[in-house]
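Read the structure below first, then the notes.
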Amino acid sequence: MLLLGLLVLGLSLLLPSASLAAPGDEAPGEVDAARSEVANEARVASVDLGLTVWRGGDRPGGERRPVPRRRAEVDGVVTYHLQAPAQEGQELILLDFASFMREQPQGLDEIALSNYVAGPAERARTVVEAASVELVGGGQDREVAVLRRGAREDLVLALPEGAASVTLRYRVEVPHRYWPLGCVWRRCSLSGAVAPLPSEPASGGVWLPPEDRVISPVRWDIGEVRFGAVPDWVPGTAPTEDQAKALERQELIVTRDATDPRAPIAYPSIFWGRNWKH
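Just so we're aligned, residue 881 is where the sequence shown starts under the working numbering, counting upward by one.
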């Protein structure tokens, strides 16, 4: 017993006093800060999405300049339904896939880059044209500002207390570029740029940067997805003679990673171009 007592006394002299303190006595650390950050974020329960696709050569809305032949533009309206009404000081943070994919392939010389999938890669862009929130109980929607934050250029919206949903009107400029986001040989893929994506802080290890984020899987409800130049044609249906002429043998495809339409997914996939079926 005497030997055990001396051993404990020796350890107490060698170790810093903070290491013997009760867990509740230490100052808030990175874990507490992370928990506070998460508490200040609104989480998304489901997403409603509608898209109008303008192919290369189309004139969006009959007013804007024609879309360059090798590119495309997409007008979108997306509504994020929150898991709970927003509390004072909460934010909604969305990931911009178009901004994330802005860099060209690394390690290629000029000759290789010029021949990489039909030419050099171009940059995609998401332009948010309007943002509004609907408060609990309905009433008139309230406009809110959208800010860009950090190296990823995340979209950040400061929410008023009681916000139940957030609606964005936006435009995606789809470049002439290799997939998963771009148009190559008149076939296009929208990938994660289908809409700004719900997100949450990443977790997993001590070496993970604190600002890292991941996509939050949610339920996506797909409304109308149409070609702007042929708005009366419903994808998946046989076109009339006039519609077929306007379609120019192109089709529009919407796919999901899950067969259950209510299952949470990262995002739906949208493709368009000359018929894949022959």
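Even glycine gets a Cβ: it sits at the ideal position worked out from N, Cα and C. Since we're looking at a predicted model, the values are computed, not measured.
Practice task
Kindly indicate which three-state DSSP category glycine 1072 falls into: helix, strand or coil?
Solution key: In the sequence shown, residue 1072 corresponds to position 192, counting from 1. Looking at glycine 1072 - three-state DSSP - the assignment turns out to be helix.
Problem - Distance, proline 1089 Cα to alanine 978 Cα - result: Counting from 1 along the sequence shown, the entry for residue 978 is found at position 98. Counting from 1 along the sequence shown, the entry for residue 1089 is found at position 209. Roughly 22 Å separates the two Cα atoms.
Handout entry: glutamine 1123, enclosing alpha helix (DSSP H) - first and last residue
Key = As a working note, residue 1123 is residue 243 in the sequence shown. Its alpha helix (DSSP H) spans residues 1121-1127.
Exercise for the section: Verify whether the separation of the beta carbon atoms of leucine 1015 and alanine 1044 is less than 9 Å. Expected result: Start at 1 with the first residue of the sequence shown, and residue 1015 comes out as number 135. Start at 1 with the first residue of the sequence shown, and residue 1044 comes out as number 164. Here leucine 1015 is near alanine 1044, since their CB atoms are less than 9 Å apart.
Problem - For serine 1083, the first and last residue of its enclosing alpha helix (DSSP H) - result: Working through the sequence shown from its first residue, we reach residue 1083 at position 203. Note, serine 1083: premise wrong, no alpha helix (DSSP H); not H, not E.
Practice task
With a floor of 3 residues, list each beta strand (DSSP E) that falls wholly inside the stretch 994-1041, ordered by position along the chain.
Solution key: The stretch 994-1041 contains these whole beta strand (DSSP E) runs: 1005-1015, 1027-1029 and 1034-1038.
Exercise for the section: Can you grab the Cα-Cα spacing for the pair tryptophan 934 / valine 954, in whole Å? Expected result: As a working mapping, residue 934 is identified with position 54 in the sequence shown. As a working mapping, residue 954 is identified with position 74 in the sequence shown. Taking the straight line joining both Cα atoms gives about 6 Å.
Exercise for the section: Measure the alpha-carbon distance for valine 947 versus glutamine 1130 and round it to whole angstroms. Expected result: The residue given as residue 947 occupies position 67 in the sequence shown. The residue given as residue 1130 occupies position 250 in the sequence shown. Answer to the nearest angstrom: the Cα atoms are 16 Å apart.
Exercise for the section: Please work out which residues of its chain come closer than 7 Å, Cβ to Cβ, to aspartate 1137, disregarding the five sequence neighbours upstream and downstream, and give them in chain order. Expected result: Looking up residue 1137 in the sequence shown gives position 257. Closer than 7 Å at Cβ, skipping near neighbours: Ile1145.
Exercise for the section: Consult DSSP for glycine 942 and reduce its assignment to one of helix, strand or coil. Expected result: The residue you call residue 942 lines up with position 62 of the sequence shown. Of the three classes helix, strand and coil, the one that applies to glycine 942 here is helix, per DSSP.
Problem - alanine 922 in three-state terms, based on DSSP - result: Within the sequence shown, the letter at position 42 stands for residue 922. Alanine 922: coil per DSSP, three-state reduction.
Problem - Beta-carbon proximity check, arginine 1067 vs glycine 987, cutoff 9 Å - result: Taking the first residue of the sequence shown as 1, we reach residue 1067 at position 187. Taking the first residue of the sequence shown as 1, we reach residue 987 at position 107. No; because the gap between Cβ atoms is not below 9 Å, this pair is not in contact.
Handout entry: Under 9 Å between C-beta atoms of proline 940 and glycine 1108
Key = Numbered from 1 along the sequence shown, position 60 holds the residue referred to as residue 940. Numbered from 1 along the sequence shown, position 228 holds the residue referred to as residue 1108. Taking 9 Å as the Cβ cut-off, proline 940 and glycine 1108 qualify as a contacting pair.
Practice task
Would you check if there are 3 or more beta carbon pairs closer than 8 Å linking the stretch 955-964 to the stretch 917-931?
Solution key: yes
Practice task
Given a cut-off of 9 Å, decide if proline 1055 and threonine 1006 are closer than it, judged by their beta-carbon atoms.
Solution key: The residue given as residue 1006 occupies position 126 in the sequence shown. The residue given as residue 1055 occupies position 175 in the sequence shown. Contact: no.
Problem - arginine 1005 beta carbon near the ligand MN (any heavy atom closer than 8 Å) - result: With respect to the ligand MN, the structure shown offers nothing to examine, as it has no ligands at all.
Exercise for the section: Look at the alpha carbon of cysteine 1063 and the alpha carbon of arginine 1003, and state the distance between them as a whole number of angstroms. Expected result: In the sequence shown, the residue the question calls residue 1063 occupies position 183. In the sequence shown, the residue the question calls residue 1003 occupies position 123. Each residue's alpha carbon lies about 11 Å from the other.
Handout entry: C-alpha distance - arginine 1106 paired with proline 1115, whole-angstrom precision
Key = Position 226 of the sequence shown, counted from the first residue, corresponds to residue 1106. Position 235 of the sequence shown, counted from the first residue, corresponds to residue 1115. If I take the Cα positions, the gap works out to 7 Å.
Problem - From Pro1111, Val1074 and Val1110, residue whose alpha carbon lies closest to that of isoleucine 1102 - result: Within the sequence shown, the letter at position 222 stands for residue 1102. Here the closest residue by C-alpha is Val1074.
Exercise for the section: Whole angstroms is fine: what's the gap from serine 1012's alpha carbon to glutamine 1123's? Expected result: Locating residue 1012 in the sequence shown gives position 132, counting from the first residue. Locating residue 1123 in the sequence shown gives position 243, counting from the first residue. Rounded to the nearest angstrom, the two C-alpha atoms are 35 Å apart.
Handout entry: C-alpha distance - arginine 915 paired with tryptophan 1059, whole-angstrom precision
Key = In the sequence shown, the residue the question calls residue 915 occupies position 35. In the sequence shown, the residue the question calls residue 1059 occupies position 179. Low per-residue confidence applies at arginine 915: pLDDT is 45, beneath 50, and the placement is therefore not dependable enough to give any value.
Practice task
Would you mind giving the Cβ-Cβ distance between glutamate 1009 and arginine 1049, rounded to the nearest angstrom? I have them listed as a contact below 8 Å.
Solution key: In the sequence shown, counting from the first residue as 1, residue 1009 sits at position 129. In the sequence shown, counting from the first residue as 1, residue 1049 sits at position 169. Going by Cβ atoms, the distance from glutamate 1009 to arginine 1049 rounds to 5 Å, so yes, they are a contact pair.
Problem - Reference histidine 1042; option with closest CA among Ile1133, Gly1019 and Arg1051 - result: Taking the first residue of the sequence shown as position 1, residue 1042 is located at position 162. Note on identity: in this sequence residue 1042 is glycine, with histidine being the wrong assignment. It is Gly1019 whose Cα lies nearest to the Cα of glycine 1042.
Practice task
Determine the extent of the alpha helix (DSSP H) in which serine 856 is found, giving its start and end residues.
Solution key: Limits of the chain in this structure are 881 at one end and 1158 at the other, which puts residue 856 out of reach.
Handout entry: Cβ-based neighbour list, glutamate 1091, same chain, cut-off 8 Å, excluding 5 preceding and 5 following
Key = For the purposes of this step, residue 1091 is taken as residue 211 along the sequence shown, with counting starting at 1. Closer than 8 Å at Cβ, skipping near neighbours: Gly1030.
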